Structures are given as structure tokens and as C-alpha cells.
């Protein structure tokens with residue numbers, strides 16, 4: 574279910590890096606984060622991956638991140654700031670950065686961009702994602718088995734493909750257990766807003782849901798479910814400490830290296846699609862580094 | 005010995021001028037301590053915040069881009085505040101302006117509409133912002149409703165209206181459901197001033213607005229009326245000035261400027277309408293207006309300075325790995341000192357030596 578940022582970075586190092594011998598040629602890697610690094614969800618998992626990168630590749634790379642960058646008019650500037658600070662590989666880690674990333678990518682053909690979960694691309698801008706809906710399917714099965722009321726509560730962020738596919742997978746799976754199961758959805762219209770997420774969880778529970786699922790980034794819903802004695806799934810990150818008796822399981826976005834050999838630095842030739850991830854469900858990046866990427 | 009605050013016989017104009025400078029000085033001193041506690045070199049950090057962004061053309065452009073909406077909105081707000089009309093809802097007027105202007109952009113998308121599109125968008129946005137601001141103004145004049153509350157509440161209405169449009173009728177059909185309109189056509193986009201840069205025509209418009217406000221306040225009877233109604237309402241009444249009329253006028257002007265700033269932001273740096281087009285410009289502009297002492301030139305400087313802290317904060321994050329929270333703390337401290345120093349305009353410190361203590365000193 575995951576693809577390793579480490580593999581991507583290592584791939585880029587291999588692609589052009591051989592020339593990058595001296596310290597001055599260190600690969601600079603930048604990250605644009607949507608939330609604070611301490612959101613304990615999506616951004617936190619990316620931050621763990623960045624730390625893993627630093628640990629694994631040591632002084633071959635230098636990393637920088639900008640946190641709390643809204644998906645609005647400031648994003649383009651923040652991305653460009655990273656480019657101008659000399660970063661050659663930049664991860665823009667949320668869907669809403671797609672257009673600004675594309676704008677900057679067109680302006681700086683020698684910098685490589687990895688954008689999360691979008692659909693617009695450029696020769697130097699690719700998409701990374703994971704098949705989350707497979708995890709959602711399993712969650713749907715568990716939820717339907719555990720639910721007594723036959724009503725599941727689902728906190729959606731934005732009705733984009735990544736989120737809708739997760740909801741569909743949940744419903745399809747749950748219906749195989751209980752054909753009459755209902756999934757109530759509340760759109761929080763945000764990726765990270767603990768207050769709104771908590772309100773959504775309360776509203777769903779008030780509507781009879783006894784299992785809460787979410788596609789937002791904070792553990793707020795888990796805390797509410799725990800207070801009300803309901804069940805819930807973690808999202809992005811391990812959230813069991815917010816509901817020791819509440820969390821059924823959690824989808825972990827492990828972008829960094831894992832124990833699996835598949836996620837170790839890939840030696841696949843640059844330019845060809847490759848699979849990197851802990852399990853066979855990982856999807857491929859359309860990563861196409863050009864050999865010039867580090868020599869300029 | 006005791007340190008007390010004593011009311012001045014009259015407001016000190018010297019302090020009124022230097023108080024922002026004292027505030028900035030105190031802020032910098034506090035930041036030096038904070039950086040030192042964080043284990044960062046204070047001089048390098050201050051360099052990243054204040055000097056580095058001023059040393060290359062790219063950052064200067066970004067400062068201007070960031071300051072443009074702040075200055076434009078703050079100028080309008082300053083007129084309101086001078087006339088004792090408390091428009092807190094510039095954020096909403098900004099959004100409504102953006103929506104109204106975008107309407108033309110969305111409706112002409114893909115057609116061969118000519119060069120009239122952008123000017124029409126600007127005019128419509130200003131008109132819509134003005135009309136939206138008139139709601140709280142008229143409620144105040146006719147029914148005595150608190151304009152602070154009504155204008156603030158209308159922010160949320162505008163926010164949700166924009167939200168509805170980009171999720172529903174105006175949603176980009178190729179946008180995979182993400183709440184945004186399609187990218188505007190080139191004729192509906194604010195032209196850039198520098199090829200490959202981000203500086204746009206809006207910054208020029210903001211400068212013109214500053215100049216117009218300076219002339220209005222300094223050289224015209226209307227400007228005099230605004231200042232008198234705010235500073236001395238009784239005198240204004242004796243002078244035959246109509247305070248209610250001025251509430252309507254200043255609200256309309258400030259709404260128009262906020263609306264104009266909104267469409268310029270959307271048709272400029274953003275390029276499409278989406279939720280979150282304003283990271284709180286309408287509210288930050290209130291700080292800018294007061295930091296600039298409700299004076300057009302002061303507001304221009306204050307807007308640029310606040311923009312500098314944003315850009316510098318980002319560069320400090322990149323260059324020194326200083327967390328974003330420090331930038332927020334920094335802006336908070338600045339506002340705190342500005343307000344604190346402002347009390348010195350009407351008050352002064354005085355050392356008081358009570359007799360009792362003097363007597364004790366003779367032991």
C-alpha cells in the first residue's frame with residue numbers, strides 16, 4: 574500500500590548522482606507540508622519519511638521543509654522559495670498543490686517535483702500515491718462485522734478521486750457482510766482541522782453511527798469516538814494512543830523505509846516505472862528523471 | 005520609588021510617530037532573546053528575516069505581491085476607522101469581490117471575449133464589495149445595529165457562498181471534483197509586470213489607491229469631514245457634517261477596495277477561484293491599518309513590513325530551520341508591542357517618590 578520516498582530519492586541519486594561526489598553537490602530535497610509536522614497524521618508521516626531519508630542517506634542529502642503551507646495563493650511562492658534555495662527534488666505533499674507545483678515545474682525544468690495524489694504531470698513532475706482503497710476495503714469488512722447499529726460514519730475531506738474511491742471501497746466491502754449497512758458521510762471540507770473533525774464525528778455518532786472512519790488528518794475523531802464509547806479507524810498514522818479501546822486498526826502511510834526489502838533503495842534503471850513498497854499493492858510513480866538533473 | 009502611568013494633558017504627536025519604531029525595536033530585542041534560547045544565531049536569524057528578503061529581486065517581488073491586498077484593504081479600512089465606523093468584515097467584502105469578478109471570468113471562459121473582460125471584472129468586483137459593505141452600514145444607520153457584529157458575520161456568509169459556487173455550479177468539469185473553477189483565460193488574468201516573475205498590475209493599482217487616499221485625506225473637504233467626524237463627533241455635528249452619510253460612504257469605499265483586492269488576487273497570483281483564496285487578508289489588514297497609524301503612507305510601509313515578515317519567516321524556515329510557529333510568535337509580539345507603545349501616546353511613565361520612602365532613606 575505504499576511507495577517509499579526513500580526509493581525515489583535514492584533513484585534520483587543513482588540517476589545523476591554519480592557526479593555528485595563533493596559536499597557541494599549534495600542533493601537538496603525539499604518538502605512542502607500541508608499541516609504542522611505534529612498533526613499526528615498525514616504530515617507527521619511525511620516528516621517521519623524525511624527523517625528516515627536523512628538517517629539512511631546521511632550526508633548525501635540535505636533536507637528542508639516548509640510546514641503549514643495552505644493550498645492557496647501562498648503555495649506557489651513557498652515551492653519556488655525551495656527551488657531558489659537550491660533544492661533539486663521537491664515533494665509537494667498534498668493534492669491541492671497540484672496547479673502551483675505545475676506552474677513552478679514548468680519554470681524550472683531542471684528541478685524534479687513529486688506531487689501527492691494528483692493527476693497533472695510534466696516531464697519533471699510526477700505523481701506519487703498509494704492504493705489506499707485496498708486498505709479501505711479491509712476496513713469496510715471489519716467495520717461491518719463490528720457495527721451493531723448497521724450505520725458507519727465517514728468523515729470525508731474533499732470529494733476527489735482519492736477520497737471517493739476509499740468510500741466506495743468501504744461500502745462495497747461492508748455490503749458483502751451486511752447488505753443493509755448504511756454509510757453516512759460528512760464532508761469536512763478540510764484536510765486538517767481538529768475542531769471540524771471532532772464536530773463531524775459527534776454529528777455522525779448522533780446519527781446512529783457506531784464505527785467512525787475518516788479521511789482527514791488529525792486524531793480528533795478518534796478521541797470523540799473514544800469518549801462516546803464507539804469504535805473508529807486511525808488514519809495516516811497510528812492513533813491508538815488516542816483511543817486504546819477504540820481504534821480497530823489504522824491505515825499507515827509509511828513513506829519512508831520499512832523492514833521490507835522492496836522498499837530499500839531501488840536499483841532499477843532510472844526512467845522505467847518501478848514498484849517500491851512493502852507489499853505488492855504499491856503503485857508506481859511515473860518517475861522519469863533525466864540524467865541532467867544533478868549535473869546542472 | 006514607584007513607576008506609574010500618568011495621563012498626558014494632550015496626546016503626544018512625537019510619540020505617535022515614533023511609537024511603531026519603538027515597537028519594532030522592542031520586538032527585535034525580544035526576538036534576539038528568543039532566537040538565543042532556541043539555540044539559533046540571533047544575527048543570522050534576523051538577517052534571514054529582514055535583510056535576505058530585501059537583497060534579491062525575486063523576494064522583493066514576492067513582498068510586493070503579498071503586500072498588495074493588505075495595503076489595498078487597509079487603506080479602505082483606515083477611512084472607516086478614521087470616521088469611527090468599524091468595518092471588521094473586509095475579509096467578506098474581499099471574497100464577494102472575488103466571486104463577482106470571477107463570474108465574468110467563468111462565463112466568458114473559452115469564448116473569444118476581448119480585452120474588456122479584465123476591466124469589467126475589476127469594476128464588478130469593486131461594485132460588489134461596496135454593495136456588500138453597505139449591508140452593515142445601512143443596518144447601522146437605519147436600525148442602530150452594531151456594524152462590528154454584522155460586518156463580521158457577513159464574512160462567514162461570503163465564505164460559504166464562495167464555497168457553494170466552486171463546489172457546485174462553477175466547478176471545473178475537468179477538476180476531478182476538487183472545489184475550484186477552471187484556470188481563467190489570459191484575457192481574464194491580471195497581467196504580470198515582469199516576464200517570468202510574479203509582480204502584477206495589482207501592485208500598481210495599490211500604489212494609486214495609496215496616492216488617492218493621501219490626496220483625499222490631506223487635500224479635500226471630504227477627507228477633513230472624515231477626520232473631524234471621527235475625532236470630534238460633537239464638533240462635526242455643529243459643523244453640519246452628516247456622520248451617517250459618512251458611515252455609508254466610508255463603508256462603501258472600503259468594501260470596494262476590498263472587493264478589488266479580492267479579484268486582483270484571484271485573477272492574479274491564484275489564477276482561478278477556490279476556497280481559501282485569502283489567508284485572512286481582511287483581518288491582517290486591520291493590523292496593517294493600525295500599524296500604519298491610519299495614514300496612507302504609513303499603511304503602505306506597514307503592509308510592506310508585514311509582508312516582509314511573511315517572506316522572511318519562510319526564508320528563516322528554509323535557511324535556519326526555524327519553525328513557522330516562531331514567525332507567528334514574532335507577529336504576535338509585534339502587535340503586542342505596538343498596542344503597548346500606543347498607550348504612551350496618551351500616557352507617560354512617571355517615577356513617583358513617596359515621602360515615606362524618602363524618610364526611610366535617612367536611617
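Protein chains in written order, with our numbering: chain A, 574 to 869; chain B, 5 to 367.
From the three backbone atoms N, C-alpha and C, an ideal C-beta is built for every residue, glycine too.
All values reported here derive from a predicted model rather than from experimental measurement.
Please report the straight-line C-alpha distance between residue i and residue j, rounded to a whole angstrom.
i	j	result
residue 90 of chain B	residue 84 of chain B	6 angstroms
residue 258 of chain B	residue 656 of chain A	37 angstroms
residue 847 of chain A	residue 701 of chain A	Model confidence at residue 847 of chain A stands at a pLDDT of 35, short of 50, so the residue's coordinates are unreliable and nothing is read from them.
residue 20 of chain B	residue 125 of chain B	39 angstroms
residue 296 of chain B	residue 827 of chain A	48 angstroms
residue 47 of chain B	residue 25 of chain B	19 angstroms
residue 693 of chain A	residue 802 of chain A	43 angstroms
residue 103 of chain B	residue 190 of chain B	18 angstroms
residue 154 of chain B	residue 248 of chain B	17 angstroms
residue 180 of chain B	residue 620 of chain A	27 angstroms
residue 151 of chain B	residue 158 of chain B	10 angstroms
residue 204 of chain B	residue 736 of chain A	36 angstroms
residue 729 of chain A	residue 318 of chain B	31 angstroms
residue 306 of chain B	residue 651 of chain A	22 angstroms
residue 612 of chain A	residue 765 of chain A	8 angstroms
residue 234 of chain B	residue 344 of chain B	22 angstroms
residue 16 of chain B	residue 10 of chain B	13 angstroms
residue 778 of chain A	residue 340 of chain B	42 angstroms
residue 95 of chain B	residue 761 of chain A	22 angstroms
residue 332 of chain B	residue 324 of chain B	16 angstroms
residue 275 of chain B	residue 673 of chain A	10 angstroms
residue 164 of chain B	residue 195 of chain B	29 angstroms
residue 200 of chain B	residue 734 of chain A	33 angstroms
residue 223 of chain B	residue 229 of chain B	11 angstroms
residue 121 of chain B	residue 627 of chain A	50 angstroms
residue 177 of chain B	residue 42 of chain B	49 angstroms
residue 209 of chain B	residue 755 of chain A	54 angstroms
residue 357 of chain B	residue 348 of chain B	21 angstroms
residue 50 of chain B	residue 338 of chain B	14 angstroms
residue 723 of chain A	residue 616 of chain A	32 angstroms
residue 800 of chain A	residue 683 of chain A	51 angstroms
residue 123 of chain B	residue 226 of chain B	27 angstroms
residue 668 of chain A	residue 62 of chain B	26 angstroms
residue 739 of chain A	residue 282 of chain B	30 angstroms
residue 174 of chain B	residue 160 of chain B	19 angstroms
residue 907 of chain A	residue 32 of chain B	Outside the shown range of chain A, which is 574 to 869, sits residue 907 of chain A, and nothing can be said about it.
residue 328 of chain B	residue 320 of chain B	9 angstroms
Contact defined as beta carbons within less than 8 angstroms: I believe residue i pairs with residue j. What is the distance between those atoms, to the nearest angstrom?
i	j	result
residue 686 of chain A	residue 671 of chain A	About 10 angstroms; that fails the 8 angstroms criterion.
residue 639 of chain A	residue 198 of chain B	The Cβ separation is near 24 angstroms, so there is no contact.
residue 787 of chain A	residue 808 of chain A	5 angstroms
residue 273 of chain B	residue 217 of chain B	Actually they are not in contact, since the Cβ atoms of residue 273 of chain B and residue 217 of chain B sit about 23 angstroms apart, beyond 8 angstroms.
residue 798 of chain A	residue 781 of chain A	About 14 angstroms separates the two Cβ atoms, so there is no contact after all.
residue 82 of chain B	residue 298 of chain B	4 angstroms
residue 109 of chain B	residue 188 of chain B	5 angstroms
residue 789 of chain A	residue 763 of chain A	7 angstroms
residue 637 of chain A	residue 658 of chain A	7 angstroms
residue 100 of chain B	residue 263 of chain B	6 angstroms
residue 824 of chain A	residue 708 of chain A	4 angstroms
residue 68 of chain B	residue 207 of chain B	5 angstroms
residue 354 of chain B	residue 22 of chain B	19 angstroms between Cβ atoms; not a contact.
In terms of DSSP beta bridges, what is residue i paired with?
i	result
residue 95 of chain B	The partner list for residue 95 of chain B (beta bridge, DSSP) is empty, contrary to what the question assumes.
residue 637 of chain A	A/603
residue 757 of chain A	A/726
residue 204 of chain B	B/196
Check your understanding: Does the region 300–318 of chain B come within contact of the region 130–143 of chain B, defined as at least 3 CB pairs closer than 8 angstroms?
Key -> no
| query | Along the chain, which unbroken stretches of the beta strand (DSSP E) at least 3 residues long are found entirely within the region 5–50 of chain B? | reply | 6–11
(message) Under 8 angstroms: do the region 757–772 of chain A and the region 792–810 of chain A share three or more Cβ pairs, one atom per stretch?
(response) yes
Let me know the alpha helix (DSSP H) ranges lying completely inside the region 643–725 of chain A, each 4 residues or longer, listed in chain order. 646–657, 671–680 and 705–719
message = Which runs of the beta strand (DSSP E) at least 3 residues long sit entirely within the region 278–361 of chain B? Give them in chain order.
response = 351–356
Discussion item. Could you check whether the region 638–657 of chain A touches the region 250–264 of chain B, counting it as contact only if at least three pairs of C-beta atoms, one from each stretch, sit closer than 8 angstroms?
Written reply: no
Query - Given 8 angstroms, three or more beta-carbon pairs between the region 711–722 of chain A and the region 744–752 of chain A - result: yes
Item to check | Those runs of the alpha helix (DSSP H) which lie wholly inside the region 68–144 of chain B and span at least 4 residues | outcome: 94–111
Does the region 115–132 of chain B come close enough to the region 259–270 of chain B to have 3 or more Cβ pairs within less than 8 angstroms? yes
TODO: Tell me the start and end of each unbroken beta strand (DSSP E) in the region 760–846 of chain A that is at least 3 residues and wholly inside, in chain order.
DONE: 784–787, 804–807 and 820–823
Is there contact between the region 598–618 of chain A and the region 661–681 of chain A, where contact requires at least three CB pairs shorter than 8 angstroms? yes
Worksheet item: Taking contact to mean at least 3 C-beta pairs separated by less than 8 angstroms, is the region 68–80 of chain B in contact with the region 280–299 of chain B?
Response: yes
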